[in-house]
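Data block below; observations after.
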Amino acid sequence: MSQAIADHEVAENVFLFTGTSVNWIILRDGKDLTLIDAGWEGDAPEVERTIRLLGRPEDVHAVLLTHAHSDHTGALELLHETYGVPVWMSPAEVPNATGEHVEQAGTADVVRMMYRPQAIRWAVDMVKVGGLKQITTPSAESFPEEGPLELPGRPVPIATPGHTDGHTSYHLPSVGGVVTGDALVSGHPTLKGLGPRLLPGGFTHDAEQAVQSLRVLRDIDARMFLPGHGPVWYGSLKESVDEALAHVDDRNTGLDG
Ligand SMILES: [Zn+2]
1 MSQAIADHEV AENVFLFTGT SVNWIILRDG KDLTLIDAGW EGDAPEVERT
51 IRLLGRPEDV HAVLLTHAHS DHTGALELLH ETYGVPVWMS PAEVPNATGE
101 HVEQAGTADV VRMMYRPQAI RWAVDMVKVG GLKQITTPSA ESFPEEGPLE
151 LPGRPVPIAT PGHTDGHTSY HLPSVGGVVT GDALVSGHPT LKGLGPRLLP
201 GGFTHDAEQA VQSLRVLRDI DARMFLPGHG PVWYGSLKES VDEALAHVDD
251 RNTGLDG
């Protein structure tokens with residue numbers, strides 16, 4: 001990645017980086033940082049490198065997780081073990097992270113989505129970065145408090161279950177943005193084109209609840225969202241959610257566009 005840091009600054013002191021078809025977000029307040037999500041295991045060196053573009057891993061106050069799928073948890077143990085960074089998430093997501101309970105697309109689900117050439121390339125990349133390993137995060141902890149977190153960027157957890165039971169989005173009121181994880185994406189190798197969408201049904205634990213969570217996001221006054229997959233998406237969250245809802249019926253066939 002040779003782009004200047006400025007290219008990743010999607011709002012003041014909010015940075016979005018992309019690894020192997022998956023994003024992580026860094027919030028900055030002076031030298032202090034918050035990381036949201038952590039790529040695949042194979043992306044861990046890149047996660048650390050991007051932290052060092054902005055500061056020091058020791059100054060990451062916490063890693064927040066949107067959900068405990070292995071494309072988002074890759075660098076967690078590295079950061080926790082090496083730098084003592086706490087790993088926080090919804091209490092409902094902790095069992096998914098520690099491996100007590102697993103809600104992740106199985107191989108058969110993924111194979112069903114492999115009808116696009118770009119999806120096959122993605123699957124090959126995914127295997128290279130550790131996508132078939134069952135990764136657990138023993139350091140996973142529940143948020144230490146309710147409401148806005150006392151962290152750089154002041155993220156506010158918003159429960160958006162469906163993709164997983166404890167899936168959480170993070171509202172960033174100071175910049176009018178929401179980190180939506182996999183509750184609302186703007187692109188993925190298994191989807192055609194770019195635009196606000198739910199992920200294909202095979203990835204989602206409870207599809208009906210995922211739609212309910214879109215309605216929760218719709219009520220947030222925001223001018224952009226930062227998804228787990230696809231580029232930062234500008235425009236009111238209400239309009240973005242309406243676009244995703246308009247495509248919900250296509251989602252299980254993957255024949256949207
Ligand atoms: Zn994901």
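Taken in order, the sequence shown gives residues 1 to 257; the numbers are from full-length UniProt numbering. Just so you know, even glycine gets a beta-carbon here, dropped at the ideal spot from N, CA and C. Source: prediction; values computed, not measured.
Taking 8 Å as the cut-off, does the CB of F225 come closer than this to any heavy atom belonging to ligand 1? no
On the three-state DSSP scale, how would you describe L184? coil
For W233, is the classification buried or exposed, using 16 other Cβ atoms within 10 angstroms of its Cβ as the cut-off for buried? buried
Going by the CB atoms, is the gap between H171 and V156 shorter than 9 Å? Cβ distance < 9 Å, so V156 and H171 count as in contact.
By Cβ distance, which residues of its chain are closer than 8 Å to A38, with the 5 residues on each side in sequence left out? W24, A44, V47, V63, L65, H72, T73, G74, A75, L76 and L79
Drop a sphere of 10 angstroms on the beta-carbon of S142, count the other beta-carbons inside from all chains shown, and report buried for 16 or more, exposed for fewer. The residue in question, S142, is exposed, as its Cβ has fewer than 16 Cβ neighbours within 10 Å.
Do you know how far the Cα of V211 is from the Cα of G166? 15 Å
Per DSSP, which residues does P157 bridge with? Please list them. Beta-bridge pairing links P157 to Y170.
Measuring only the C-alpha atoms, how far is E81 from D32? 19 Å
Rounded C-alpha distance that separates A68 from E100: 12 Å
Shorter than 9 Å from the beta carbon of A38 to some beta carbon of chain B? Included in the structure is just one protein chain, with no chain B present.
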